[in-house]
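> Under our numbering, the residues of the sequence shown are numbered 902 to 930, in order.
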Amino acid sequence: MAVDSRGMYEAIRKVYKATRLADELWNGD
Numbered sequence: 902m903a904v905d906s907r908g909m910y911e912a913i914r915k916v917y918k919a920t921r922l923a924d925e926l927w928n929g930d
């Protein structure tokens with residue numbers, strides 16, 4: 902597997918964090 906797992910993990914973390922933040926903003930009271 903020629904994939905940079907560390908870079909992949911960091912990217913996923915950033916996207917996850919951003920989506921969680923947006924979710925809180927949208928669904929927050």
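Yeah, the Cβ is synthetic: ideal placement off N, Cα and C, and Gly gets one too.
These figures come from a predicted structure and were not determined experimentally.
1. Under three-state DSSP, which class holds Gly929?
2. Alpha carbon to alpha carbon, what distance is there between Glu911 and Tyr917?
3. Output the distance between the C-alpha atoms of Asn928 and Leu922, rounded to the nearest integer angstrom.
Looking at the atomic coordinates:
1. As a first step, residue 929 is located in the sequence shown; it is residue number 28 there, counting from the start. It is coil, neither helix nor strand.
2. Position 16 of the sequence shown, counted from the start, is the residue given in the question as residue 917. Position 10 of the sequence shown, counted from the start, is the residue given in the question as residue 911. Tyr917 and Glu911: Cα-Cα distance of roughly 10 Å.
3. For the purposes of this step, residue 928 is identified with residue 27 of the sequence shown, where counting begins at 1. For the purposes of this step, residue 922 is identified with residue 21 of the sequence shown, where counting begins at 1. Their Cα atoms are separated by approximately 10 Å.
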